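K.L.:
Here it is: the structure, laid out below.
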Ligand code: AVJ
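Numbering (the working numbering), first residue to last: 53 to 372.
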């Protein structure tokens, strides 16, 4: 887009870290345009994701919850009680609360980039479990997180439920698992949820529900970007796509241009052809043996797992 001019008010540019602007616009300008799935979760996006977890087609959340209930005793026995539970991307801390109760955890550390939301969640956890020393830490584990020095170094358990690891390609996932092992320290452990490979129709329905909630969630990323980089995306011009890529064992979400259009943002822009796609998310479905191998590569030992009767989902415990 030659000669793209700055908008009347380039204030957005000053309020944003330049690094984020560069990251977002760089990805939009690549031959295959993409948006990182981390930008799904503004206020509206977080609400839409909550709604997704209650959809009949989205089996993940309720399958994990049932697994944690059904095997809660065995999991607690394997993990051990009196743990220091650390949850990266803690969000509402609802799952952590159940786990901390079950494990009679001594400490809980919720880590999230959205610090305001996290503080409220930690407050609720403290009310429900007054015996637990609960802390909110603003941070991002993918960016080399440092915990406050008074968090005990013994008996740490990194908790990463919800199959969020699926958003990372295998190499990034390996790097993240290495980070988690470093966070757990010697004698610590990881408890992680993963979604398993399954029938294409079932996967595609889970990411393209009949009520259109996932489509709204996908399109909302454009509204969020409009605020972040001062872009003028029209979400109605973009069609939600969810496709299972069998070779890579991942669900891909895309936004496909309904017509040729020009999108401008602060300091730039791009033309999109009709039918052109922006890749917005990968959600990997790791076979359990492959994921176990990844854990071992990351330095974890003695991997144990629990799977539901239908083989849809797994909760995995690995010692650091
Ligand atoms: C939050 C990454 C686990 O991949 O299933 C839900 C996000 N995207 N529907 C997933 C998501 C579309 C979700 N994770």
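Every residue, glycine too, gets a C-beta built ideally from N, C-alpha and C. Note that the structure is a prediction, hence the values are computed from the model and not measured.
Any idea if residue 85 is buried or exposed, counting beta-carbon neighbours within 10 angstroms, 16 or more meaning buried?
P.N.:
Numbered from its first residue, the chain shown carries residue 85 at position 33. Buried is the call here.
K.L.:
DSSP on residue 193, reduced to helix/strand/coil?
P.N.:
Walking along the chain shown from the start, residue 193 turns up at place 141. Helix.
K.L.:
If you scan the segment 244-323 from start to end, which runs of the alpha helix (DSSP H) of 4 or more residues do you find wholly inside it?
P.N.:
The segment 244-323 contains these whole alpha helix (DSSP H) runs: 252-258, 265-281.
K.L.:
Would you list, in sequence order, the uninterrupted alpha helix (DSSP H) runs of no fewer than 4 residues that lie entirely inside the segment 108-155?
P.N.:
Qualifying alpha helix (DSSP H) stretches, in chain order: 111-122, 124-131, 146-155.
K.L.:
Would you report the Cα separation of residue 80 and residue 139, rounded to the nearest angstrom?
P.N.:
Working through the chain shown from its first residue, we reach residue 80 at position 28. Working through the chain shown from its first residue, we reach residue 139 at position 87. Distance between the alpha carbons of residue 80 and residue 139 is about 31 Å.
K.L.:
Going by the DSSP bridge assignment, what does residue 77 pair with across the sheet?
P.N.:
If you number the chain shown from 1, residue 77 lands on position 25. According to DSSP, which records beta bridges pairwise, residue 77 is partnered with nothing at all.
K.L.:
DSSP three-state label for residue 359, please.
P.N.:
By one-based count along the chain shown, residue 359 stands at place 307. Here residue 359 sits in strand by DSSP.
K.L.:
Just to confirm, are residue 366 and residue 248 a CB contact at a threshold of 8 Å?
P.N.:
Against the chain shown, residue 366 aligns to sequence position 314. Against the chain shown, residue 248 aligns to sequence position 196. Against a cut-off of 8 Å, the Cβ pair of residue 248 and residue 366 comes out as a contact.
K.L.:
Between 218, 207, 217, which has its C-alpha nearest residue 239's C-alpha?
P.N.:
As a position in the chain shown, residue 239 is number 187, starting the count at 1. The option with the nearest alpha carbon to residue 239 is 207.
K.L.:
Using three-state DSSP, classify residue 228 as helix, strand or coil.
P.N.:
If you number the chain shown from 1, residue 228 lands on position 176. Three-state DSSP puts residue 228 in a helix.
K.L.:
At a cut-off of 7 Å, is residue 259 close to the ligand AVJ when judged by its beta-carbon and the heavy atoms of the ligand?
P.N.:
Along the chain shown, read from residue 1 onward, the residue named residue 259 stands at position 207. Checking the Cβ of residue 259 against the ligand AVJ gives yes.
K.L.:
With C-beta atoms as the reference, is residue 337 less than 8 Å away from residue 250?
P.N.:
Taking the chain shown and counting its residues from 1, one reaches residue 337 at position 285. Taking the chain shown and counting its residues from 1, one reaches residue 250 at position 198. Cβ distance < 8 Å, so residue 337 and residue 250 count as in contact.
K.L.:
State buried or exposed for residue 129, treating a residue as buried only when at least 16 other CB atoms are found within 10 Å of its CB.
P.N.:
Along the chain shown, read from residue 1 onward, the residue named residue 129 stands at position 77. Burial call: exposed.
K.L.:
Any idea what DSSP makes of residue 86, helix, strand or coil?
P.N.:
The sequence position of residue 86 within the chain shown is 34, counting from 1. Strand at residue 86.
K.L.:
For residue 207, name the three-state secondary structure that DSSP assigns.
P.N.:
Reading the chain shown from its first residue, position 155 is the one you call residue 207. Of the three classes helix, strand and coil, the one that applies to residue 207 here is coil, per DSSP.
K.L.:
Go ahead and pull the three-state DSSP assignment for residue 335.
P.N.:
To locate residue 335, count along the chain shown from 1; it is residue 283. Looking at residue 335 - three-state DSSP - the assignment turns out to be strand.
K.L.:
For residue 213 and residue 368, I'd like the C-alpha separation in whole angstroms.
P.N.:
The count along the chain shown starts at 1 and reaches residue 213 at position 161. The count along the chain shown starts at 1 and reaches residue 368 at position 316. The straight-line gap from Cα to Cα measures roughly 10 Å.
K.L.:
Return the first residue and the last residue of the alpha helix (DSSP H) that residue 101 is part of.
P.N.:
Taking the first residue of the chain shown as 1, we reach residue 101 at position 49. Start and end: 95-105.
K.L.:
What's the C-alpha gap between residue 286 and residue 179?
P.N.:
Numbered from 1 along the chain shown, position 234 holds the residue referred to as residue 286. Numbered from 1 along the chain shown, position 127 holds the residue referred to as residue 179. Cα to Cα, residue 286 sits roughly 43 Å from residue 179.
K.L.:
When you compare the segment 86-106 with the segment 264-272, are there three or more beta-carbon pairs, one atom per stretch, that lie closer than 8 Å?
P.N.:
At 8 Å Cβ cutoff, the stretches touch.
K.L.:
Hey, residue 163 and residue 151: beta-carbon distance below 8 Å or not?
P.N.:
Counting from one through the chain shown, the residue named residue 163 turns up at place 111. Counting from one through the chain shown, the residue named residue 151 turns up at place 99. In this structure, residue 151 does not lie closer than 8 Å to residue 163 by Cβ.
K.L.:
Distance check for residue 83 and residue 312, CA to CA, integer angstroms please.
P.N.:
The count along the chain shown starts at 1 and reaches residue 312 at position 260. The count along the chain shown starts at 1 and reaches residue 83 at position 31. Cα to Cα, the separation comes out at about 16 Å.
K.L.:
Which value, in whole angstroms, describes the spacing of the CA atoms of residue 56 and residue 322?
P.N.:
Along the chain shown, one-based indexing puts residue 56 at 4. Along the chain shown, one-based indexing puts residue 322 at 270. Confidence at residue 56 is low in this model, with a pLDDT of 41, below 50, so the placement of that residue should be treated as unreliable; the coordinate-derived value is given next. Roughly 9 Å separates the two Cα atoms.
K.L.:
Below 8 Å on the Cβ atoms is my guess for residue 310 versus residue 298; work out the distance and round it to an integer in Å.
P.N.:
On the chain shown, position 258 is the one that residue 310 refers to. On the chain shown, position 246 is the one that residue 298 refers to. In fact, because the Cβ distance is near 27 Å, the residues do not count as touching under 8 Å.
K.L.:
So which of 362, 356, 165 has the shortest CA-CA distance to residue 370?
P.N.:
Taking the first residue of the chain shown as position 1, residue 370 is located at position 318. That would be 356, whose Cα lies nearest to the Cα of residue 370.
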